[in-house]
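Chemist: Note that this note's numbering has the sequence shown beginning at 4, numbered continuously upward.
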Amino acid sequence: MRRAIAVLLVVAGLGLAAYGFSSVAAADSNAQVTITFTILPAEELMVTPSSIDFGDVVPETPTAATAVTVTARCNQTYELTYTATDFTSGSYTVPIQRLSYDGGTTPFSSSGTIATGLMGENVFNYQYVLQVTWDDYAASGYSGSVTYTLTPTP
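1. Confirm, please, whether the CB-CB distance from Val135 to Gly106 is below 8 angstroms.
2. Quick check on the DSSP output: the beta strand (DSSP E) that includes Pro155 runs from which residue to which?
3. Verify whether the separation of the beta carbon atoms of Ser146 and Phe90 is less than 8 angstroms.
4. In three-state terms, what does DSSP make of Gln35?
5. Could you spell out where the beta strand (DSSP E) holding Val101 opens and where it closes?
6. Starting from the C-beta of Thr150, find all residues in its chain whose C-beta is less than 7 angstroms away, skip the five residues before and the five after it, and write them out in chain order.
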């Protein structure tokens, strides 16, 4: 019986050697995959709402509009600026300085910088308030614009 067990052990050992016992012991093989990609520059600028109607306004009475939200997205640093026009109706003009962007405290100028050196998504909320004076001529259909510009500064 001992001899049969010894023969079985020898046969088993030879079988393992023949069928890859050595490969099980040498399982230290490695393989690698290198992954590369490029992120392209991208930017997006959204302004909501896209139009505002103050309706009928009275001199020296601040008139508020719906809040304006400017959302800037950029995967580089950027500068956010604006340009603004005076309000006109035919030959009549109301200066842009009658419009404030922070609830009535700070008037717009014809241009300005909102932010520099930012990156990612940033949201700016403004409360436009219009206050005309007795010097502004009564006319209908005044219109003007504020244009926001996002410029990447890599």
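All C-beta atoms, glycine included, are put in the ideal place defined by N, C-alpha and C.
Modeler: The short version:
1. no
2. Val149 to Pro155
3. yes
4. Looking at Gln35 - three-state DSSP - the assignment turns out to be coil, as it is neither helix nor strand.
5. In the sequence as displayed, the identity of residue 101 is Arg instead of Val. Per DSSP, Arg101 lies in no beta strand (DSSP E) and is assigned neither H nor E.
6. Tyr85 and Thr86
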